[in-house]
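Before any comments, here is the structure.
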Amino acid sequence: MTAIETPPEPCIRLNGMPVDAYPAIAPDALRGRLRPIVVAGDPVLREPCAPVAAEQFGTPELEQLVCDLFLTMYAADGVGLAANQVGVGLQLFTFDVTDDGFREVGHICNPVIEIGPPDAEGQASQRVTDSEGCLSVPGIYKDVARFDHAIVRGLDWQGNPVAVEGFDYIARCFIHETDHLKGHLYVDYLTGRHRRDALRGMHEFIEPLAAAREARAQEILAAAGASGS
Ligand code: NI
Numbered sequence: 079m080t081a082i083e084t085p086p087e088p089c090i091r092l093n094g095m096p097v098d099a100y101p102a103i104a105p106d107a108l109r110g111r112l113r114p115i116v117v118a119g120d121p122v123l124r125e126p127c128a129p130v131a132a133e134q135f136g137t138p139e140l141e142q143l144v145c146d147l148f149l150t151m152y153a154a155d156g157v158g159l160a161a162n163q164v165g166v167g168l169q170l171f172t173f174d175v176t177d178d179g180f181r182e183v184g185h186i187c188n189p190v191i192e193i194g195p196p197d198a199e200g201q202a203s204q205r206v207t208d209s210e211g212c213l214s215v216p217g218i219y220k221d222v223a224r225f226d227h228a229i230v231r232g233l234d235w236q237g238n239p240v241a242v243e244g245f246d247y248i249a250r251c252f253i254h255e256t257d258h259l260k261g262h263l264y265v266d267y268l269t270g271r272h273r274r275d276a277l278r279g280m281h282e283f284i285e286p287l288a289a290a291r292e293a294r295a296q297e298i299l300a301a302a303g304a305s306g307s
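The sequence shown lines up with residues 79 to 307 when you count with this note's numbering.
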C-alpha cells in the first residue's frame, strides 16, 4: 500500500447535532452521582420501562438522572447505559460511542428506533455478527448479529426533539440500549449454552467491577475538580 491516507475529520455529534469539539467526559457526568448497576436476574431489567411523562420533562430530577447515568456509564467504561440498569424503570438512555471517526454523545428519552432502514443510496442494511457486552452482564462478551444501521428518535430531558443515526458499532449500541428499555438483554439472542455460560460467568466480575467503578468515578470527579471545570 502506497496511498497516503489523510486522517478523516473527526465528526462529533451531541444529541444528533454536529459540534466542533466536545470534552472526552460529557460535562453532565461531573454533576452526576455514581449509581449501582443492576445485573441480569434483577426484575427491573425485564419489565418494559415507562415513558418519561410530560410533567417530568425539564425537572431537576430528570436532569439529575441524566447526569447520574453519564457518570455511571463513564465510570464503567461503557458506551451506553439505560435507566433501568441503575434501577429506574424509565425510557431513557445515555451514550458516548465512537466508530470509524464518528462520535455520538447524548441522551434520549422515549426512544423510538427504526432498525435497519435502507441507506441514502437505497441499500438495505444487513445483520452483522460482532462481539457485544453489557454492563448488566459484567465481564462477558459474546457474538450477536445486529443490523448495521439504526435511527433513534425521541426527546431530550427538556422535551426537545432528538434524532440520532448510527452505523455499525454505533447502531449496535442504539439497538442494544433501546432493547434494555423494552426489558430485553443481549443474552436473550444467544443459544442456550452460550446464554448459560454468560449468566454464570458474570458472577466473578460483579464485585471487582463495582469496586473499579467507584475508583474510576472518584478519578473523573477529582480530575474535573483539579481543572476547575
Ligand atoms: Ni447493556
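Think of the CB as a built atom: it goes at the ideal place given N, C-alpha and C, for glycine as much as any other residue.
For P195, does the three-state DSSP call read helix, strand or coil? Your numbering for residue 195 matches position 117 in the sequence shown. Note: P195 maps to coil in three-state DSSP.
Give me the Cα-Cα distance between I99 and Q296, rounded to the nearest whole angstrom. Within the sequence shown, residue 99 is the residue found at index 21, counting from 1. Within the sequence shown, residue 296 is the residue found at index 218, counting from 1. According to the sequence shown, residue 99 is Ala rather than Ile. For A99 and Q296, the distance between alpha carbons rounds to 25 Å.
Contact between the segment 259-278 and the segment 213-228 (3+ Cβ pairs under 8 Å): yes
Chain-order list of residues whose beta-carbon lies under 8 Å from that of G165 (same chain, five-residue window excluded): Indexing the sequence shown from 1 puts residue 165 at position 87. Around G165: R113, P114, V116, D120, V122.
What does the Cβ neighbour count give for R250, buried or exposed, with the cut at 16 atoms within 10 Å? Here the question's residue 250 lines up with position 172 in the sequence shown. Buried: at least 16 other Cβ atoms inside 10 Å.
Does DSSP put T269 in a helix, in a strand, or in coil? Numbered from 1 along the sequence shown, position 191 holds the residue referred to as residue 269. T269: coil per DSSP, three-state reduction.
Compare the C-alpha of A293 against each of G167, A104, R111 and name the closest. Here residue 293 corresponds to residue number 215 of the sequence shown, with the count starting at 1. The residue with the shortest Cα to Cα distance from A293 is R111.
C127: beta carbon under 6 Å from a heavy atom of the ligand NI? In the sequence shown, counting from the first residue as 1, residue 127 sits at position 49. Checking the Cβ of C127 against the ligand NI gives no.
Taking the C-alpha atoms as reference points, what is the distance between M79 and V206? Counting from one through the sequence shown, the residue named residue 79 turns up at place 1. Counting from one through the sequence shown, the residue named residue 206 turns up at place 128. For M79, the predicted structure reports a pLDDT of 49, less than 50, and the residue's modelled location is therefore unreliable. A value from the coordinates is still provided. Going by the C-alpha atoms only, they are around 27 Å apart.
Checking the sheet assignment: what are the DSSP bridge partners for A240? To locate residue 240, count along the sequence shown from 1; it is residue 162. The question names Ala, but residue 240 in the sequence shown is Val. The partner list for V240 (beta bridge, DSSP) reads G232.
Please work out which residues of its chain come closer than 8 Å, Cβ to Cβ, to L277, disregarding the five sequence neighbours upstream and downstream, and give them in chain order. Here residue 277 refers to the residue found at position 199 of the sequence shown. Taken in chain order, the residues that qualify are A118, G119, V215, V265.
Out of Q169, G184, V130, state which residue places its alpha-carbon closest to the alpha-carbon of V97. Walking along the sequence shown from the start, residue 97 turns up at place 19. Closest option to V97, Cα to Cα, is G184.
Can you tell me which of the three DSSP states H69 falls into? Residue 69 lies beyond the residue range present for the chain, which begins at 79 and ends at 307; the question has no answer from this structure.
Taking C-alpha atoms, which residue in A228, R271, R274 lies nearest to D257? As a working note, residue 257 is residue 179 in the sequence shown. For the residues A228, R271, R274, the minimum Cα distance to D257 belongs to A228.
Since I believe V190 is in contact with R231 (beta carbons under 8 Å), could you give me their beta-carbon distance rounded to a whole number of angstroms? Working through the sequence shown from its first residue, we reach residue 231 at position 153. Working through the sequence shown from its first residue, we reach residue 190 at position 112. Between V190 and R231 the Cβ distance is about 5 Å, and since that is below 8 Å, they are a contact.
Apart from the five residues on each side of it in sequence, which residues of its chain come closer than 7 Å, Cβ to Cβ, to E255? Residue 255 sits at position 177 when you count from the first residue of the sequence shown. Taken in chain order, the residues that qualify are G158, A160, F171, F173.
Distance, Cα to Cα, A300 vs G211? Residue mapping note: residue 300 aligns to position 222 of the sequence shown, counting from 1. Residue mapping note: residue 211 aligns to position 133 of the sequence shown, counting from 1. A300 and G211: Cα-Cα distance of roughly 28 Å.
Taking all protein chains shown into account, do 16 or more other C-beta atoms lie within 10 angstroms of the C-beta of D106, making it buried, or fewer, making it exposed? Mapped onto the sequence shown, residue 106 falls at position 28. With 16 or more other Cβ atoms within 10 Å, it is buried.
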